[in-house]
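In the working numbering, the protein residues as written are 58 to 157.
1. Can you tell me which of 153, 139, 71 puts its alpha carbon nearest to the alpha carbon of residue 125?
2. Going straight from the alpha carbon of residue 85 to that of residue 72, what length do you get?
3. I'd like to check one pair, residue 131 with residue 118: are the Cβ atoms closer than 9 Å?
4. Give me whichever residues DSSP pairs with residue 72 in a beta bridge.
5. Could you give the distance in angstroms between the alpha-carbon of residue 140 and the alpha-carbon of residue 155?
6. Less than 9 Å separating the beta-carbons of residue 89 and residue 76?
7. With C-beta atoms as the reference, is residue 102 less than 9 Å away from residue 134?
8. Are the CB atoms of residue 121 and residue 113 nearer to each other than 9 Å?
9. Note down the Cα distance separating residue 128 from residue 138, rounded to an integer number of angstroms.
10. Determine the burial state of residue 94: buried for a count of at least 16 other Cβ atoms within 10 Å of its Cβ, exposed for fewer.
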């Protein structure tokens, strides 16, 4: 499977291979990809992928960070705890963070 050719044909701007470790919405043991599009093309690209044999796990508008802050181990732990509290909150559906 040529992900670059698939991305071009689907109308995506870019792609990145994904595993379950990177996206826990994807079943374990399955390989996948994230196709990056303009906001206005999410539906069109999803429809093309589905028509061409892809299983769509999620199709959503999100944010891809361009820079990541340098954090000390203490700050990284504090941020990790904060993000976990956000994710555990019943009103929160998804959390994005520009932290590695």
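Backbone N, C-alpha and C fix where the C-beta goes; we use that ideal spot for every residue, glycine too.
According to the data block:
1. 153
2. 20 Å
3. no
4. 92
5. 11 Å
6. yes
7. no
8. no
9. 14 Å
10. buried
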